[in-house]
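Visitor: Going down the list, the sequences are from chains X and Z.
Mapping to the working numbering: the first sequence position 80 is 80, numbers consecutive.
Mapping to the working numbering: the second sequence position 111 is 111, numbers consecutive.
Built from N, CA and C at the ideal position, the CB exists for glycine as well.
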Amino acid sequence: MEILANLAHGFTVAATPFTLFLAVVGCFLGTIFGALPGLGPSNGVAILIPLAFTLGLDATQALVLLTSVYYGTMYGGRISSILLNIPGDEPAMMTTLDGFPMAKQGRAGDALVISGVASFMGAFLSTVGLVIMAPLLAAIAYLFGPAEYFALYLLAFLTLGGVASKNQAKAALAAALGLGIAMIGVDNATGMPRFTGGNLHLNDGVDFLVAIVGLFAIAEVFIFIESHGKNSAIGVALDKVSIPWRDLRSTFGTMLRGSGIGFVAGVLPGAGASLGSFLAYMAEKSWLGSRGRFGTGDPRGVAAPEAGNNAAAGGAMVPMLTLGVPGSGTTAVMLAVLMTLNITPGPLLFSERPEVVWGLIASLFIANIVLLIMNVPMVKLFVKVLMVPAWVLMPMVTMVSFVGIYSLTGSYFDLVLMVGFGILGYILRKLDVPAVPVILGILLGNEMENALRRAMTISNGDWTYLFSSPIAIGLWIFAIAGFVAPFFLRGKLKKPPVPATDDLNED
Amino acid sequence: MKSDRIFGLVVLIVALAFFVGATQVQTSFLSDPVGPRVFPMLIALAAGLCGLVLLMRPDAEPEWPSARSWGAMGIACAVLIGYAYALPPLGFLIPTAIAAGAISFLMSPRAVPAAITGAALSAGLFVAFKYGLGLGLFALPRGLMG
Numbered sequence: 001m002e003i004l005a006n007l008a009h010g011f012t013v014a015a016t017p018f019t020l021f022l023a024v025v026g027c028f029l030g031t032i033f034g035a036l037p038g039l040g041p042s043n044g045v046a047i048l049i050p051l052a053f054t055l056g057l058d059a060t061q062a063l064v065l066l067t068s069v070y071y072g073t074m075y076g077g078r079i080s081s082i083l084l085n086i087p088g089d090e091p092a093m094m095t096t097l098d099g100f101p102m103a104k105q106g107r108a109g110d111a112l113v114i115s116g117v118a119s120f121m122g123a124f125l126s127t128v129g130l131v132i133m134a135p136l137l138a139a140i141a142y143l144f145g146p147a148e149y150f151a152l153y154l155l156a157f158l159t160l161g162g163v164a165s166k167n168q169a170k171a172a173l174a175a176a177l178g179l180g181i182a183m184i185g186v187d188n189a190t191g192m193p194r195f196t197g198g199n200l201h202l203n204d205g206v207d208f209l210v211a212i213v214g215l216f217a218i219a220e221v222f223i224f225i226e227s228h229g230k231n232s233a234i235g236v237a238l239d240k241v242s243i244p245w246r247d248l249r250s251t252f253g254t255m256l257r258g259s260g261i262g263f264v265a266g267v268l269p270g271a272g273a274s275l276g277s278f279l280a281y282m283a284e285k286s287w288l289g290s291r292g293r294f295g296t297g298d299p300r301g302v303a304a305p306e307a308g309n310n311a312a313a314g315g316a317m318v319p320m321l322t323l324g325v326p327g328s329g330t331t332a333v334m335l336a337v338l339m340t341l342n343i344t345p346g347p348l349l350f351s352e353r354p355e356v357v358w359g360l361i362a363s364l365f366i367a368n369i370v371l372l373i374m375n376v377p378m379v380k381l382f383v384k385v386l387m388v389p390a391w392v393l394m395p396m397v398t399m400v401s402f403v404g405i406y407s408l409t410g411s412y413f414d415l416v417l418m419v420g421f422g423i424l425g426y427i428l429r430k431l432d433v434p435a436v437p438v439i440l441g442i443l444l445g446n447e448m449e450n451a452l453r454r455a456m457t458i459s460n461g462d463w464t465y466l467f468s469s470p471i472a473i474g475l476w477i478f479a480i481a482g483f484v485a486p487f488f489l490r491g492k493l494k495k496p497p498v499p500a501t502d503d504l505n506e507d
Numbered sequence: 001m002k003s004d005r006i007f008g009l010v011v012l013i014v015a016l017a018f019f020v021g022a023t024q025v026q027t028s029f030l031s032d033p034v035g036p037r038v039f040p041m042l043i044a045l046a047a048g049l050c051g052l053v054l055l056m057r058p059d060a061e062p063e064w065p066s067a068r069s070w071g072a073m074g075i076a077c078a079v080l081i082g083y084a085y086a087l088p089p090l091g092f093l094i095p096t097a098i099a100a101g102a103i104s105f106l107m108s109p110r111a112v113p114a115a116i117t118g119a120a121l122s123a124g125l126f127v128a129f130k131y132g133l134g135l136g137l138f139a140l141p142r143g144l145m146g
């Protein structure tokens, strides 16, 4: 019952008029970011971080705003998937498979309502899961010493890229790149500068917000210039939105199953929302077998991935809050927020800053309800926003990024650095090198090095100390398995699920 | 194929430079058993290994943009870097209008809508940032503001 008392405390923190207002604003913006093709959850949160700080929000308020945006993008991604056959963000990719066929059959409204309710179910259930799981995991995390943390960071790097890229070498390279960038600046233990090239601007290291906004938002601008904003809105019209009760009843089981799968995928380090929606869709498809009409506009094919990706979003918060190791790209960005707020995620967060943790969890519940209201009756409003052309949208994104970073750091050097990261992000994207491990490397690099150095100080330089506890050995095994497994699973997982256009019983 | 080979080579060189850089890091007598050099060296080794793998087993060639797109992106880069340098001394309105208009034009080459987009974004965002969010922005060049 302690959980309920904590939750009640969280609601008293989160349910003030101002934070509720922030939740509404965040949900609204998040849904827009999610719906606009090209602007995903990581971008959306990244652009708003500097603004959240310059607004002078306290920790809880900033987190409410940004988690609302995060959950909102998970809802919003489905809108363009269904109406335009363009996933609004990567996790919404699976929703196109049945969502767009439904829209072509004139059932766009139904698809939007079903996916909206599925999103709500997935997010709600996974937030409940977060409430139950997080304190348990936090209790285990107390047993972690520096050797275990070092292994845990390694686990995060080795698994995060595994799913994100087709090439393990590129995923590992991305992590090394991020770690290398993290090394720039003054070494805390000795006070000596490293890799600064004598540039005083670099003594404090590279600000990870600059890197995040550059790698995500500015890189996206280049991508849009290359494609000349071709991904503009031309799609299926949406006429009437009513609630298809019959479909909602018949997809209820699908939503439950999708939520469960998505949550587990989210908790696992590195997997994230894209895998959650993918697994939820594939599992539902094989579960139904010939009873499903997947790929031709089956409502269950919309419900499963949407429940899956929203549940994964909640699940990914579990390792982020309890261990300080994010389970997905966007939670990596959220971790940056926490670190900038001087909050160190981990087991101590639960005992020392309960108001932050439980306020955040309560705000997730609030955000969900706000999002359900916004995304079912008010979905038409967001469809209108989709009509904003790229040549208005992307300049706006650029300017907001610049002003956000400038108002935060006040230095032209950081702006130039941000453009540099934008160019890097574009080239990495072209070469299929995932950007998320880079971010994670910049975020966790110093922590990882400190863990290693503390461990070696404890053991007086004996490297076998890293494998001296059962937890550490377990983490090492998982880390290596997580890195090696994609070699074998790749053939199975990456095969795109062919939409069954002709053969209805296609497996 | 070729792109990944070049990339792998660049990675190898950078990793090597990083490794050498790590050996040059000053340490102090107060250091712990590991010191400030070992972890960067490990990173350089990991990166170098990845570079080797890319050299030996490159992926298929990505679809690179046309020369025109490269040109457009180059201009965008120059505009953004110029904007970064112009923002502190020249204030918000003028550099933002020019930069936003230029980015818009690069995406959809029609001069009038791009110019309107630039001007409207500059004015709209200024009002939103300055009065909505309370950021301390300067509208015009510092000299003119007295």
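Can you name the start and end residues of the alpha helix (DSSP H) that Y426 (chain X) belongs to?
Guide: Here the alpha helix (DSSP H) through Y426 (chain X) covers 412 to 430.
Visitor: Of all the CB atoms in chain X, is at least one closer than 9 Å to the CB of F18 (chain Z)?
Guide: Yes - at least one Cβ of chain X is within 9 Å of the one on F18 (chain Z).
Visitor: Which residues in the same chain as A139 (chain Z) place their Cβ atom closer than 7 Å to its Cβ, once the five residues preceding and following it in sequence are excluded?
Guide: G91, F92, L93, F126, listed in sequence order.
Visitor: Select from X:G474, X:I32, X:G422, X:F28 the residue whose C-alpha is nearest the C-alpha of S401 (chain X).
Guide: Closest by alpha carbon: X:G422.
Visitor: How many Å lie between A481 (chain X) and N167 (chain X) at the Cα?
Guide: A481 (chain X) and N167 (chain X): Cα-Cα distance of roughly 16 Å.
Visitor: When you compare only the Cα positions, how much space is there between N505 (chain X) and Y426 (chain X)?
Guide: Any answer about N505 (chain X) is weak, because its pLDDT of 33 lies below 50 and its placement is not dependable; what the coordinates show is given next. Distance between the alpha carbons of N505 (chain X) and Y426 (chain X): 41 Å.
Visitor: With DSSP collapsed to three states, give me the class of V376 (chain X).
Guide: Three-state DSSP puts V376 (chain X) in coil, outside helix and strand.
Visitor: Taking L452 (chain X) as the reference, which of X:S328, X:A303, X:A273, X:F150 has the closest Cα?
Guide: If we check each option's Cα against that of L452 (chain X), X:F150 comes out closest.
Visitor: Would DSSP call G529 (chain X) helix, strand or coil?
Guide: Here chain X covers residues 1 to 507 and nothing more, so residue 529 (chain X) does not appear.
Visitor: Against chain Z, which members of the segment 448 to 462 of chain X pass a CB distance test of less than 7 Å?
Guide: Answer set for the segment 448 to 462 of chain X: E449, L452, R453, M456, T457, N460, G461.
Visitor: Is the Cβ of R194 (chain X) closer than 9 Å to any Cβ of chain Z?
Guide: Yes, R194 (chain X) counts as interfacial toward chain Z.
Visitor: Give the residues of chain Z in contact with A169 (chain X), contact being defined as C-beta atoms less than 7 Å apart.
Guide: Under the 7 Å cutoff, chain Z gives C50, V53, L54.
Visitor: When we look at the beta-carbon of L348 (chain X) and count the other beta-carbons within 10 Å, is it buried (16 or more) or exposed?
Guide: Exposed, since its Cβ has fewer than 16 Cβ neighbours within 10 Å.
Visitor: I'd like the span of the alpha helix (DSSP H) that includes K2 (chain Z), first residue to last.
Guide: Note, K2 (chain Z): alpha helix (DSSP H), 2 to 24.
Visitor: Please say whether M399 (chain X) and A86 (chain Z) have beta carbons closer to each other than 9 Å?
Guide: Not closer than 9 Å, so no.
Visitor: In its own chain, which residues sit with a C-beta less than 6 Å from the C-beta of V10 (chain Z), not counting the 5 before and 5 after it?
Guide: No residues qualify anywhere along the chain.
Visitor: Look up R454 (chain X) in the DSSP assignment and give the residues it is bridged to.
Guide: R454 (chain X) is not bridged to any residue.
Visitor: Classify G191 (chain X) as buried or exposed, calling it buried when 16 or more other Cβ atoms lie within 10 Å of its own Cβ.
Guide: Exposed, by the Cβ-count rule.
Visitor: On a Cα-Cα basis, can you pick out the residue from X:S259, X:L29, X:A172, X:G122 that is closest to G441 (chain X)?
Guide: Nearest C-alpha to G441 (chain X): X:A172.
Visitor: DSSP state of S232 (chain X), grouped into three classes?
Guide: For S232 (chain X), the pLDDT reaches just 48, beneath the cut-off of 50, and the residue's location in the model is therefore unreliable, leaving the point undetermined.
Visitor: Examine chain Z for any beta-carbon lying closer than 9 Å to the beta-carbon of M255 (chain X), and answer yes or no.
Guide: With 9 Å as the cut-off, M255 (chain X) does not count as an interface residue toward chain Z.
Visitor: What residues from the segment 73 to 101 of chain Z come within 8 Å of chain X, judged by C-beta to C-beta, listed N to C?
Guide: Flagged, chain order: M73, A76, C77, L80, I81, Y83, A84, Y85, L87, P88, F92, T96, A99, A100, G101.
Visitor: Is any beta-carbon of chain X found at less than 9 Å from that of V38 (chain Z)?
Guide: Interface residue, yes.
Visitor: Mind listing the chain X neighbours of A115 (chain Z)? Cutoff is C-beta to C-beta under 8 Å, in chain order.
Guide: Per Cβ cutoff of 8 Å: no residues; A115 (chain Z) is ~12 Å from chain X at best.
Visitor: Name the DSSP beta bridge partners of R194 (chain X), please?
Guide: According to DSSP, which records beta bridges pairwise, R194 (chain X) is partnered with X:G185.
Visitor: Flag this pair as touching only if the segment 14 to 31 of chain X and the segment 363 to 372 of chain X have three or more C-beta atom pairs under 8 Å; answer yes or no.
Guide: Touching, yes, given that three or more Cβ pairs across the two stretches are closer than 8 Å.
Visitor: Along chain X, which residues have their Cβ under 7 Å away from the Cβ of L106 (chain Z)?
Guide: I225, listed in chain order.
Visitor: Taking contact to mean 3 or more Cβ pairs, one atom from each stretch, closer than 8 Å, check whether the segment 12 to 27 of chain Z and the segment 60 to 75 of chain Z are in contact.
Guide: They do not touch, by the three-pair rule.
Visitor: Distance check for A103 (chain X) and S286 (chain X), CA to CA, integer angstroms please.
Guide: Those two C-alpha atoms are separated by around 24 Å.
Visitor: When the Cα of S119 (chain X) is compared with those of X:A336, X:M339, X:A307, which residue comes out closest?
Guide: Checked all of X:A336, X:M339, X:A307; the closest Cα to S119 (chain X) is X:A307.
Visitor: How would you write the range of the alpha helix (DSSP H) that I103 (chain Z) sits in, first residue to last?
Guide: Run containing I103 (chain Z): 93 to 107, per the alpha helix (DSSP H) assignment.
Visitor: Compare the C-alpha of N342 (chain X) against each of X:P17, X:L20, X:G44, X:A59 and name the closest.
Guide: The candidate whose alpha carbon is nearest that of N342 (chain X) is X:A59.
Visitor: Between X:L177, X:L36, X:L39, X:A304, which has its C-alpha nearest M41 (chain Z)'s C-alpha?
Guide: With distances taken between Cα atoms, M41 (chain Z) lies closest to X:L177.
Visitor: What would DSSP say about K166 (chain X), mapped onto helix, strand or coil?
Guide: K166 (chain X) falls in the coil class under three-state DSSP.
Visitor: Between the C-alpha atoms of V379 (chain X) and R429 (chain X), what's the straight-line distance to the nearest angstrom?
Guide: Taking the straight line from one Cα to the other gives about 32 Å.
Visitor: Anything in chain Z within Cβ reach of S407 (chain X), meaning under 8 Å, just list it in chain order.
Guide: Within chain Z, the residues near S407 (chain X) are F129, L135, G136, L137.
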